[in-house]
Amino acid sequence: VSEDESERLKRRSERNTREQERSHRITERIGELRQVLSSAGVAFKPDRHSTLVSVVDYIKQLQGKSVKLDEEHRKLLDTISGADRLVKSGG
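9 is the number of the first residue of the sequence shown in the working numbering; add one for each residue after it.
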């Protein structure tokens, strides 16, 4: 094996190792997402694609709840402010 061939094989091996590490990190993170879904009681299929789709759906659901809670919070603050004005005006 020539020196150029040897160097090329070494670079290929290093690239393969980096890709395997990247793939392993992705697999670990998907596992974490599965745990989040499970602990939240969200049903999902165990394959990677379905897990990611379920995570996106769950995030959208949480965003919707957050918007509703923000609206309720604002309404409560308005109610408290109105009650405070009534108390201060003696009404």
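Built from N, CA and C at the ideal position, the CB exists for glycine as well.
Any chain D beta carbon closer than 7 angstroms to residue i
i	result
Glu80	The structure shown has no chain D; it contains just one protein chain.
Beta-carbon spacing of residue i, residue j below 7 angstroms
i	j	result
Ser62	Leu45	yes
Ile67	Arg56	no
Terminal residues of the alpha helix (DSSP H) in which residue i lies
i	result
Ser21	11–47
Within the stretch 49–99, note down every full alpha helix (DSSP H) run reaching 4 residues or more, in order along the chain.
Those alpha helix (DSSP H) runs which fall completely within the stretch 49–99 and span 4+ residues are 56–97.
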